[in-house]
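Anchor point for the sequence shown: position 30 equals 31 in this note's numbering, and the numbering is continuous, going up by one each time.
To start, the structure under review is shown below, and the notes come after it.
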Amino acid sequence: MSGLIEAVEIRTVRLPLRAPFQTSNGVSTEREFVLVRLAGGGAEGWGECVAEREPTYSSEHTSGAVDVMRSFLLPRLVAAEVRTAEDVAPALSGVVGHPMAKAALELAVLDLELRLRGVSLAQYFGATRTRVPAGVSVGIQPSVPALLDVVGGFLDEGYRRIKLKIQPGWDLEPVRAVRQRFGDELPLQVDANAAYDLADAALLRRLDEFGLLLIEQPLHHDDLYQHARLAELLTTPLCLDESVVSARSAAAAISMGATRIINIKPGRVGGYLEARRIHDLARAHGVAVWCGGMLESGLGRRANIALAALPGFTLPGDTSASDRFYECDLTTPVTLDADGHVTVPSGPGIGAAPDPDLLSKFTVDVWSYER
Ligand code: SMG
Ligand code: MG
């Protein structure tokens with residue numbers, strides 16, 4: 002039987018951000034990402050690669066992702082004659098690493114497959130909700146008053162949970178100020194993007210007094226052991242992001258006591274199917290999960306919302322509306338309800354496709370292949 006893929010397009014796209022987004026890894030003013038379009042059977046499927054222009058969040062980056070897709074992943078995908086999303090990871094398993102590039106291809110196959118079958122991503126995943134509460138991630142700000150303005154604006158919009166990016170020198174003071182201004186009931190958490198060491202345990206322990214939902218990825222990516230040691234010193238639950246790169250590492254982190262909560266990002270773990278396996282594993286162990294974000298366009302954003310509608314996603318995710326980052330999204334924008342929820346897409350596949358005019362406007366590079 003012949004494979005599903007008849008033609009492939011890989012695009013590099015740049016979308017300007019409405020405001021600079023600063024984390025402990027640096028500051029960005031635009032989002033560059035890679036989109037994959039597959040054609041087959043009279044339909045098309047889209048995938049979004051969450052690698053950033055520079056390899057600062059992880060070792061992957063956009064130009065590297067395009068290269069690994071063209072040189073090593075697509076040839077394997079085409080040769081394997083893949084027919085469903087489940088065929089993708091086995092076809093690509095001979096290539097070490099590059100989970101974000103692999104995830105984008107898997108999502109494109111999944112979108113194509115589900116459009117042909119008339120099934121939504123949410124149905125395919127086994128989602129149990131039609132809308133999910135949305136949290137928002139707030140970057141490091143130039144000052145505490147500026148932070149309070151930004152947080153106040155998001156709360157006015159209806160966001161149900163605030164995540165503050167922290168780093169050494171921007172931690173206790175902003176958290177204290179947000180608690181003082183917005184009260185103890187506000188669901189609040191912090192994300193360090195690996196900016197601390199175990200030697201900072203005494204400082205991190207001072208965050209315990211603020212009643213945070215969790216502290217996300219305080220220590221280095223490959224420091225599961227030290228996260229487990231740190232967890233013993235804090236009352237605030239630790240949540241891993243960068244360290245969880247597969248269901249295997251999730252299982253190791255849970256059994257070592259390195260994490261009580263997991264931020265699931267499909268791109269970081271090689272795709273939505275692995276993301277669902279981590280959800281299932283965490284749920285079986287009583288570990289809460291929530292859906293992370295990578296400043297996705299309306300494609301990846303919708304796919305994340307479909308995943309976040311699974312029953313184990315018991316904490317609000319970074320599943321904000323398109324206008325959190327973008328004046329103009331590539332698809333119909335994802336919007337926030339008056340009470341701070343986003344709607345789980347119900348159309349076939351991802352449930353949206355890029356607007357062709359906007360796509361050409363923001364594309365900086367395109368490569369295509371036909372069988
Ligand atoms: O998409 O809302 C979003 C961004 C959420 O803070 C966010 N993501 O470490 O969780 C994280 C960061 C990674 C992106 S910045 C490199
Ligand atoms: Mg994070």
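We treat Cβ as the ideally placed atom computed from N, Cα and C, and that holds for glycine.
| Member of Glu87, Ala66 and Leu78 whose CA lies at the smallest distance from the CA of histidine 99 | Ala66
| query | Got a sec, what are the start and stop residues for the beta strand (DSSP E) leucine 18 sits in? | reply | 8 to 24
| message | Can you confirm whether the stretch 174 to 183 touches the stretch 148 to 161 when touching is taken to mean that 3 or more C-beta pairs between the two stretches lie within less than 8 Å? | response | yes
| Alpha carbon to alpha carbon, how far is glycine 95 from alanine 203? | 43 Å
| task | Go ahead and label tryptophan 291 buried or exposed: buried means 16 or more other beta carbons lie within 10 angstroms of its beta carbon, across all protein chains shown. | result | buried
| field | Closest residue to alanine 40 among Glu33, Gly48 and Phe34 (Cα-Cα distance) | value | Gly48
| Between which two residues does the alpha helix (DSSP H) containing aspartate 192 stretch? | From DSSP, aspartate 192 is part of no alpha helix (DSSP H) but of the beta strand (DSSP E) over 189 to 192.
| message | Please classify alanine 1 as buried or exposed, where buried requires at least 16 neighbouring CB atoms within 10 angstroms. | response | For residue 1 there is no data in the structure shown, the boundaries of the chain being 2 and 372.
| said: So, does the stretch 123 to 137 touch the stretch 160 to 170, judging by three or more C-beta pairs under 8 Å? | reply: yes
| task | May I have all residues whose beta carbon comes closer than 7 Å to any heavy atom of ligand 2, sorted in chain order? | result | Asp192, Asn194, Glu217, Gln218, Asp242, Glu243, Asn264 and Gly293
| What first and last residue would you give for the beta strand (DSSP E) that runs through tyrosine 370? | 364 to 371
| query | Between the beta-carbon of arginine 118 and the beta-carbon of alanine 44, is there less than 7 Å? | reply | no
| Since isoleucine 167 and aspartate 192 are thought to touch, with beta carbons under 8 Å apart, how far apart are those beta carbons, to the nearest angstrom? | 7 Å
| field | Close-in-space but distant-in-sequence residues of the same chain around aspartate 88 (CB under 7 Å, 5 per side omitted) | value | Ala81
| said: Give me the residue from Leu300, Asp366 and Leu316 with the minimum Cα distance to leucine 111. | reply: Leu300
| field | Beta-ladder partner(s) of cysteine 292, from DSSP | value | Ile265
| Same chain only: Cβ atoms within 7 Å of histidine 222, ignoring 5 sequence neighbours per side | Ala195, Glu243 and Ser244
| Hey, methionine 257 and valine 51 are a contact pair by Cβ (cut 8 Å); roughly how many whole angstroms apart? | Between valine 51 and methionine 257 the Cβ distance is about 26 Å, and since that is not below 8 Å, they are no contact.
| request: Figure out for me which residue from Val365, Arg302, Glu371 and Thr13 has the closest Cα to the Cα of leucine 337. | output: Arg302
| field | serine 29 classed as buried or exposed, judged by whether at least 16 other C-beta atoms fall within 10 angstroms | value | buried
| Across which residues does DSSP place threonine 344 in a beta bridge pair? | Arg132
| Counted within 10 angstroms of its Cβ, other Cβ atoms place valine 335 as buried (16 or more) or exposed | buried
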